[in-house]
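Trainee: Protein chains in written order, with this note's numbering: chain A, 16 to 172; chain W, 1201 to 1353.
Beta carbons: idealized from backbone N, C-alpha and C, even for Gly.
This is the structure I want to talk about, given as structure tokens.
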Amino acid sequence: MEVQMARPFINSVKTILQQMTSIDVETEGDFQPENNDIISYGVTSIINFAGKVKGRLLLDMEPDLAVDIAGRLTNEAYSSPKEHMVLAAISEINNIIAGDANTFLNNTYGLGLRLTPPVVFTGNKAIISIPKIPSVSIACRTSSGKLKVNIAFEGGA
Amino acid sequence: MKAEYVNPFLEAVINILGEFGIEGIKRGNIFKKDRFYVSMDITSVIGLIGDIRGNISYSLSQETAKNIVSAMMMGMHIEQMDDMARSAIGELANMITGKAAVLLEKKGVDVDITAPSVIFGKDIYMIISSVEAICVELNTPFGIMEVGIGLEI
């Protein structure tokens, strides 16, 4: 798939996290095809979008990063990624990031993309697959932990 | 509040499983949750966009999944939940949600469905919508399927 369709998402990840939480996201390398199932670092949020094309943004992060993001967004301290507020905060930040990237894609390419609500989950060694749809991933790190940004497009993007 | 939107999904499960010869599905417990705990091994999630926005989740144990995939594959023995079996579960979710979309369209509600994501893991805490989701246990001959319906209307 076209990596240039994926770039707005990593740009939005960096911008939104910096603006809303002051967390700096550094990328390691560039987008790579993700052929395998994704083994979660701990906390995953998925948001789908549809318009002229359909796709999915998946953000996957280590538990400490999720807890840190949630803490900075709400000015509270959390101890576990299983807490409702942590999951809700990650869900919301994914929503904002996907919305920001979609706005860029809609303005640039006229794709008319709309979002589903985010899904967020944390579990014990969760594996996520999106059968038959190619995706690309970029590995990132922050001072609080690792983050993977995975973007899939279906239908010839 | 949402009963008219919930029923198409439950009818669709019964209808699609029926196409694979799986009959006798009964509704079990229904509960409302904002964050729910999934004790099952496999969950498939599909999003909806259009007149209503939301996510639907289908959760099963490995054993139930293997038996259902076996029925989908004309009785082929399924040893483990490999790529092919997980893909089949994703496809099942796709078919059920697609059928529900057709039923909703007949009520004048147009929705588009997204590709499935299949989550394989234990002890999952999950949120599928910003409002409370309705979780329905369906008893199938192969075990329970939990259907989570999170719709923002």
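Quick check: the region 46-57 of chain A against the region 1226-1241 of chain W, are at least 3 beta-carbon pairs closer than 8 Å?
Mentor: Contact fails: fewer than three Cβ-Cβ distances are below 8 Å.
Trainee: So, is the C-beta of Gly138 of chain A closer than 8 Å to a C-beta in chain W?
Mentor: Answer yes: the Cβ-Cβ gap between Gly138 of chain A and chain W drops below 8 Å somewhere.
Trainee: Flag this pair as touching only if the region 1214-1234 of chain W and the region 36-49 of chain A have three or more C-beta atom pairs under 8 Å; answer yes or no.
Mentor: Result no; under three Cβ-Cβ pairs closer than 8 Å.
Trainee: Can you tell me which of the three DSSP states Gln47 of chain A falls into?
Mentor: DSSP places Gln47 of chain A in strand when its eight states are reduced to three.
Trainee: Give a yes or no on whether 8 Å exceeds the smallest Cβ distance from Pro1208 of chain W to chain A.
Mentor: Answer no: the Cβ-Cβ gap between Pro1208 of chain W and chain A never drops below 8 Å.
Trainee: My guess is that Ala164 of chain A and Ile153 of chain A are in contact by the Cβ rule of under 8 Å, so how many angstroms apart are they, rounded?
Mentor: Correcting the residue identity first, residue 164 of chain A is Val in this sequence and not Ala. Indeed, because the Cβ distance is near 5 Å, the residues count as touching under 8 Å.
Trainee: In the DSSP assignment, find the alpha helix (DSSP H) that holds Phe119 of chain A and state where it starts and stops.
Mentor: Its alpha helix (DSSP H) spans residues His99 to Tyr124.
Trainee: Expressed to the nearest angstrom, what Euclidean distance is found between the alpha-carbon atoms of Pro1341 of chain W and Ala1271 of chain W?
Mentor: Rounded to whole angstroms, Pro1341 of chain W to Ala1271 of chain W spans 12 Å at the Cα level.
Trainee: For the putative contact between Ser1244 of chain W and Pro1316 of chain W, defined by C-beta atoms under 8 Å, what is the C-beta separation to the nearest angstrom?
Mentor: Contact flag correct, Cβ pair sits at about 5 Å.
Trainee: Mind pulling the chain W residues with CB within less than 8 Å of Glu169 of chain A?
Mentor: What Glu169 of chain A touches in chain W: Ala1315.
Trainee: Suppose the cutoff is 6 Å on Cβ atoms and the five residues either side in sequence are ignored; what does the same chain contact list for Ala141 of chain A look like?
Mentor: Counting only Cβ-Cβ distances below 6 Å, and skipping sequence neighbours, we find Ser55.
Trainee: Between the C-alpha atoms of Thr94 of chain A and Asn26 of chain A, what's the straight-line distance to the nearest angstrom?
Mentor: For clarity, residue 94 of chain A is Ser in the given sequence; the question names Thr instead. Approximately 29 Å between the Cα atoms of the pair.
Trainee: Using a Cβ-Cβ cutoff of less than 6 Å, which residues in the same chain neighbour Thr1184 of chain W once the five nearest sequence positions on both sides are dropped?
Mentor: Residue 1184 of chain W cannot be examined here, being either before or after the span of chain W that is shown, 1201 to 1353.
Trainee: Can we say the region 122-132 of chain A touches the region 59-69 of chain A, given the rule of at least three CB pairs closer than 8 Å?
Mentor: Short answer: they touch.
Trainee: Any idea if Gly1321 of chain W is buried or exposed, counting beta-carbon neighbours within 10 angstroms, 16 or more meaning buried?
Mentor: Answer is buried; the Cβ neighbour count reaches 16.
Trainee: Is Ile1216 of chain W close to chain C? Criterion is C-beta to C-beta, closer than 8 Å.
Mentor: Checking the listed chains, one finds no chain C in this structure; the protein chains it contains are A and W.
Trainee: In this structure, how does DSSP classify Ser90 of chain A when only helix, strand and coil are distinguished?
Mentor: In the sequence as presented, Ser is not what sits at residue 90 of chain A; that position holds Asn. Note: Asn90 of chain A maps to coil in three-state DSSP.
Trainee: If you count every other CB in all the chains shown that lies within 10 Å of the CB of Ala92 of chain A, and 16 or more means buried, which is it?
Mentor: Exposed, by the Cβ-count rule.
Trainee: Select from the region 80-92 of chain A all residues with a C-beta closer than 7 Å to any C-beta belonging to chain W, and list them in chain order.
Mentor: Residues: none.
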